[in-house]
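Student: A single structure is presented below for examination.
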Amino acid sequence: MSKKKLSFEEAIAKLTVIADEIENGEIGLEESITKYEEGMNLLSQCQEILTSAEQRIIKLRPDPDAKRPGKGT
Numbered sequence: 377m378s379k380k381k382l383s384f385e386e387a388i389a390k391l392t393v394i395a396d397e398i399e400n401g402e403i404g405l406e407e408s409i410t411k412y413e414e415g416m417n418l419l420s421q422c423q424e425i426l427t428s429a430e431q432r433i434i435k436l437r438p439d440p441d442a443k444r445p446g447k448g449t
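Printed below as a string of structure tokens:
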């Protein structure tokens with residue numbers, strides 16, 4: 377598998393294809409294992425992308441404990 381970083385959407389699309397290939401039972405055991413490994417790598421990449429996105433969102437959210445002007449604290 378190429379080490380090129382895919383977008384989240386591209387990785388999900390590839391995961392869907394891999395799952396379909398494994399589930400249809402038309403590939404052999406060794407190829408199924410290879411596809412499974414590729415899928416796990418893609419899953420890890422998707423998790424990294426989601427974690428990064430979550431951190432970006434957390435940074436953008438206002439601090440709920442911060443005093444807001446006009447709240448009369």
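Here this note's numbering is used: the first residue of the sequence shown is 377, the next is one more, and so on.
All C-beta atoms, glycine included, are put in the ideal place defined by N, C-alpha and C.
Just so you know, these numbers come straight off a predicted model, no measurement behind them.
Go ahead and pull the three-state DSSP assignment for Ile433.
Tutor: In the structure shown, Ile433 sits in a helix (DSSP, three-state: H, G or I).
Student: Kindly list the residues whose CB is nearer than 7 Å to the CB of Glu397, restricted to its own chain and excluding five residues on each side of it in sequence; keep chain order.
Tutor: The residues are Ile403, Lys411.
Student: Examine chain B for any beta-carbon lying closer than 8 Å to the beta-carbon of Cys422, and answer yes or no.
Tutor: Protein chain content of the structure displayed is limited to a single chain, and chain B is not contained in it.
Student: Considering only residues of the same chain and omitting the five flanking positions on each side of Ile388, which have a CB-CB separation below 7 Å?
Tutor: Cβ neighbours of Ile388 beyond the five flanking positions: Cys422.
Student: With distance defined between alpha-carbon atoms, name the residue in Glu399, Ser420, Ile433, Glu406 nearest to Ser383.
Tutor: Taking only the C-alpha atoms, the option nearest Ser383 is Ser420.
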